[in-house]
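Notes for the one structure printed next.
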Amino acid sequence: MPHLTLRFHAELEDFLPASRRGKPLSIVFRGPQTLKHLVAAAGVPPVEVGLVRLGDARFPWDQVPPDGAHLDAFPKKPRERWPQAQPRPRFALDGHLGRLASYLRLLGFDTWYRNQVEDADLAALAAAEERVVLTRDQDLLKRRIVQYGYWVRSLEPQEQVAEVLARFDIAALAQPFTRCPRCNGLLRPAPKAEVWAQLEPLTRRYYHTFYRCEACGQVYWRGSHFDKILALLATWLPEEVLSHQTGASNA
Ligand SMILES: [Zn+2]
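Numbered per my numbering, the sequence shown spans residues 1 to 251.
Listed below in structure tokens is the structure:
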């Protein structure tokens with residue numbers, strides 16, 4: 001029976017049970033199975049894999065590895081995780097990642113999110129709009145239509161933000177306070193007179209700079225919670241990125 005060994009490196013091991021980490025997997029296969037099929041059958045979404053090497057050469061996804069091969073699979077590099085033509089990644093999140101969606105929008109990343117969405121619809125939307133799927137569902141990532149995707153390891157939303165920033169290496173690309181955390185719309189400066197009717201009396205009295213979401217109309221200003229939000233951002237972003245930020249915050 002043809003067999004090969006396949007070693008998953010670095011964070012690709014997160015998909016393997018603990019007992020199978022730190023060593024090559026020994027795989028026996030029947031019939032002609034492509035590399036892509038073998039990787040998926042081992043439990044690793046191919047979309048997370050960058051390079052697979054046979055010796056010094058890259059082994060192609062759509063070919064059948066030779067009998068006795070020793071293959072090494074490495075994770076995608078950060079810049080391989082979203083389309084080359086885009087200067088910043090755009091995301092589409094599954095329905096369990098609402099807090100992460102709000103935080104990514106707070107950081108200015110274009111983030112599609114609905115709390116009720118079918119896997120097939122999310123995958124199709126991400127493909128059509130060239131968005132990176134972020135999900136806690138490994139099966140969603142294994143759908144053929146998903147070109148760019150990442151399985152979010154952490155269960156804690158603030159840690160999830162740090163994880164995504166690190167894995168995509170995009171902390172320096174953040175543009176805090178440019179996007180509406182509620183709906184993903186862009187924020188624009190709004191004259192006080194324009195938003196006057198939406199303000200409480202004390203806000204009218206003490207605040208003078210306002211921003212409004214182009215999409216949903218929500219008004220933002222640097223209210224009493226602003227320092228807390230800045231402290232949160234400071235846990236995620238380099239100081240120079242944070243100090244360049246301008247704009248609005250949640251009140
Ligand atoms: Zn909005």
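Built from N, CA and C at the ideal position, the CB exists for glycine as well. Just so you know, these numbers come straight off a predicted model, no measurement behind them.
Helix, strand or coil: which one does DSSP assign to residue i?
{"i": "R20", "result": "helix"}
{"i": "S224", "result": "coil"}
{"i": "L85", "result": "The residue you asked about is not Leu; residue 85 is Ala in the sequence shown. Three-state DSSP puts A85 in coil, outside helix and strand."}
{"i": "S154", "result": "coil"}
{"i": "G68", "result": "coil"}
{"i": "W61", "result": "coil"}
{"i": "Y148", "result": "coil"}
{"i": "H9", "result": "coil"}
{"i": "L54", "result": "strand"}
{"i": "T209", "result": "coil"}
{"i": "F177", "result": "coil"}
{"i": "A42", "result": "coil"}
{"i": "P189", "result": "strand"}
In whole angstroms, what is the alpha-carbon distance linking residue i and residue j?
{"i": "R88", "j": "R81", "result": "11 Å"}
{"i": "A18", "j": "C216", "result": "46 Å"}
{"i": "L242", "j": "H37", "result": "43 Å"}
{"i": "R204", "j": "W196", "result": "7 Å"}
{"i": "T178", "j": "P157", "result": "20 Å"}
{"i": "A69", "j": "Q86", "result": "36 Å"}
{"i": "T246", "j": "Y207", "result": "Unreliable positioning characterises T246 in this predicted model, as indicated by a pLDDT of 46, which lies under 50. A coordinate reading is not provided."}
{"i": "A172", "j": "P32", "result": "44 Å"}
{"i": "S249", "j": "P45", "result": "The predicted position of S249 is uncertain, since its pLDDT is 42 and thus under 50; a value taken from the coordinates is nonetheless stated next. If I take the Cα positions, the gap works out to 37 Å."}
So residue i and residue j are supposed to be a Cβ contact under 8 Å. How far apart are they, rounded?
{"i": "W112", "j": "R131", "result": "6 Å"}
{"i": "F8", "j": "A73", "result": "5 Å"}
{"i": "L100", "j": "V161", "result": "6 Å"}
Does the beta-carbon of residue i, which I'm using as the reference point, lie nearer than 8 Å to any heavy atom of ligand 1?
{"i": "G217", "result": "yes"}
{"i": "G108", "result": "no"}
{"i": "G55", "result": "no"}
{"i": "N115", "result": "no"}
{"i": "R182", "result": "yes"}
{"i": "G149", "result": "no"}
{"i": "G98", "result": "no"}
{"i": "G223", "result": "no"}
{"i": "G22", "result": "no"}
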